[in-house]
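Working notes for the structure below.
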DNA sequence: TGTTAAATGTACCAATCAGTTCATTTGGTC
DNA sequence: GACCAAATGAACTGATTGGTACATTTAACA
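Protein chains in written order, with our numbering: chain A, 878 to 1098; chain B, 878 to 1098.
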């Protein structure tokens, strides 16, 4: 960050010299806060610890985000907006039904596996009954499009006689998500109880293939 | 509880009269603590709050469980031992393969749906990287038998030409668990993001059927 | 160059929280 | 009924924690 943490070191007492960088400070705080919330949850995270790991001070956290929950909400919002971007980047409308579903399931699985932070934050938020998702305007207007994309590909599959009719698009989404999410969210407990590491490379590829296969078997006539 | 919370009310100051009931006090603390940990997580739960809701005092929490983590661990251990009991009560060895798997999937789904407390505690524990599962001797020696039961039924199915070979018993378990777990764990966020209540009766029966169907399709040749 | 709003640092505080100290009571045993 | 370990209550504490008050600096602009 551009803020000179050095200044306060050199000058023993009075003069603190720094450069203003509102956006940089904001991003810096958000980045550190995300790590802390991901690691310790909302109640477990400490504002002092976040402040300490920041290039700025606790004062700025409250200046920009109001309070601890405001900071947490901001982290959550940023994360969901990234998901939205990820979804938009996924173009399955131009693919044949089976390929579309394969791609969707594979990408969803990979996104979860590669972003355990996302999974953990969603877990934290669910522990809190998604109270903060509920009170966030930014998230309320987000309009995740996954379901629409799925419905479109599914209906093409049904029309082509490849998929059996009567399945809700939401159920397709829930099945993919469940398999992808669980693989990350419950890694630690599965490891302890069964001595199996779902995060290991071989385990991941096997589970990824299983997820795709499971989805296709669910859809096929 | 047999402890006379009344006594301290009647006598203004000095004499506190009560009946000793170690096991009752222990159970009382555990029950209240479970609710608090389930609702607020490990970091979010307050020892004072637990004590206040108990028929006994904070003193006894530390007397019996050492510290907050000790209490949490005890709650966790008790819960896992109940799961163990549930598993043992499930006799699928005497059923034909398809019926065995159907029963297993249905029971697993129902257990999760009917015990959201269990799901939430596992979530909490996973947020903490299952550190407490790791340090619990009682849980280490628990030996959950689900995998063995699944393997047995699966192999009978393969032998009978009903199931395709080459599937790991663990993968079967993970698939069932993922579908059952996710349906409870992510209820709040799904509700906020998609406006869909996975806890609603119709949603549950539909999802239950989908889980069983998904599993059978995964297994069939 | 003087003025001002935005941005930032430092020190502090009141409340909360996990854990403890001290003292008392209960109930079994000899 | 004297004795003592187990069980319990009530009040207390040192440290932590979210949040603030106060003062200062920066940078844009008149």
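Heads up, the beta-carbon is just placed ideally off N, CA and C, and yes, glycines get one too.
Keep in mind that this is a model prediction, so the values were computed, not measured.
Between the stretch 988-1008 of chain B and the stretch 1035-1046 of chain B, can you find at least three pairs of beta-carbon atoms closer than 8 angstroms? no
With a threshold of 7 angstroms on Cβ separation, who are the neighbours of residue 935 of chain A within its own chain once the five nearest residues in sequence on each side are excluded? 924, 925, 928
Residue 912 of chain B - containing alpha helix (DSSP H), residue span: 899-921
Using three-state DSSP, classify residue 1097 of chain B as helix, strand or coil. strand
Confirm, please, whether the CB-CB distance from residue 942 of chain B to residue 932 of chain B is below 8 angstroms. no
Shorter than 8 angstroms from the beta carbon of residue 1086 of chain A to some beta carbon of chain B? no
How about residue 1001 of chain A: is its C-beta nearer than 8 angstroms to some C-beta of chain B? yes
What are the boundary residues of the alpha helix (DSSP H) that residue 1000 of chain B is part of? 993-1004
DSSP puts residue 1040 of chain B in a beta bridge; with which residues? B/1097
Where residue 1066 of chain A and residue 915 of chain A are concerned, what is the direct C-alpha to C-alpha distance, given to the nearest angstrom? 17 angstroms
Report yes or no: do three or more beta-carbon pairs, one from the stretch 1053-1061 of chain B and one from the stretch 975-987 of chain B, lie closer than 8 angstroms? yes
Determine, using beta carbons only, whether residue 1095 of chain A comes closer than 8 angstroms to chain B. yes
The alpha helix (DSSP H) with residue 955 of chain B in it runs from where to where? 945-966
Decide yes or no for the touch test of the stretch 958-976 of chain A against the stretch 1018-1029 of chain A: beta carbon pairs closer than 8 angstroms, at least 3 of them. yes
Listed in chain order, which residues of the stretch 1002-1016 of chain A have Cβ atoms closer than 7 angstroms to some Cβ of chain B? 1002, 1003, 1004, 1006, 1007, 1010, 1011
Between the Cα of residue 939 of chain A and the Cα atoms of A/974, A/906, A/1047, A/930, which residue gives the shortest distance? A/906
Residue 1090 of chain A, DSSP secondary structure in three states: helix
Residues of its chain near residue 890 of chain A, where Cβ-Cβ distance is below 8 angstroms and the 5 sequence neighbours each way are ignored: For residue 890 of chain A, the predicted model reports a pLDDT of 30, less than 50, meaning its position is unreliable; a value from the coordinates is still stated below. Once the five neighbours on either side are set aside, residue 890 of chain A has no close Cβ partner at all.
Rounded to whole angstroms, what is the Cα-Cα separation between residue 903 of chain A and residue 909 of chain A? 10 angstroms
Give me the Cβ distance between residue 1016 of chain B and residue 957 of chain B, rounded to the nearest whole Å; I'm assuming they're in contact under 8 angstroms. 5 angstroms
Quick one: residues in its chain with C-beta nearer than 7 angstroms to the C-beta of residue 1099 of chain B, no 5 flanking neighbours on either side, listed in chain order? Lying outside 878 to 1098, the shown extent of chain B, residue 1099 of chain B is not represented and no answer is given.
Is the Cβ-Cβ distance between residue 979 of chain A and residue 1093 of chain A less than 8 angstroms? yes
Under 7 angstroms between beta-carbons, which chain B residues line up against residue 921 of chain A? List them in chain order, please. 920
Give the interface partners of residue 1047 of chain B over in chain A, defined as CB-CB distance under 8 angstroms, in chain order. 1071, 1073
Assuming residue 1063 of chain A is part of the alpha helix (DSSP H), what are its boundary residues? Here residue 1063 of chain A belongs to no alpha helix (DSSP H), and DSSP marks it neither H nor E.
Closer than 9 angstroms by beta-carbon distance: list the chain B residues that pair up with residue 1056 of chain A, in chain order. 1051, 1052, 1055, 1056, 1059
Since residue 1021 of chain B meets chain A, which of its residues come closer than 7 angstroms, beta carbon to beta carbon? 1070
Can you tell which of B/1012, B/1083, B/1072, B/1076 has the C-alpha that lies nearest to the C-alpha of residue 1043 of chain A? B/1083
For residue 1050 of chain A, does the three-state DSSP call read helix, strand or coil? helix
Give the secondary structure of residue 889 of chain A by DSSP, where H, G and I count as helix, E and B as strand, and everything else as coil. Because residue 889 of chain A sits at a pLDDT of 29, beneath the cut-off of 50, its placement in the model cannot be relied upon, and the following sentence gives the value as read from the coordinates. It is coil, neither helix nor strand.
Using a threshold of 8 angstroms, state whether the C-beta atoms of residue 1070 of chain A and residue 919 of chain B are closer than that. no
If I'm right that residue 1001 of chain B touches residue 1061 of chain B with Cβ under 8 angstroms, what's the distance once you round it to whole angstroms? The pair is not a contact, with the Cβ atoms about 13 angstroms apart (cut-off 8 angstroms).
Any C-beta of chain A within less than 9 angstroms: which residues of the stretch 974-998 of chain B qualify? 997
Residue 1079 of chain B, DSSP secondary structure in three states: helix
Excluding sequence positions up to five away, which residues of its chain have a Cβ less than 6 angstroms from the Cβ of residue 993 of chain B? 1061
Backbone CA spacing between residue 969 of chain B and residue 1013 of chain B [nearest angstrom]: 29 angstroms
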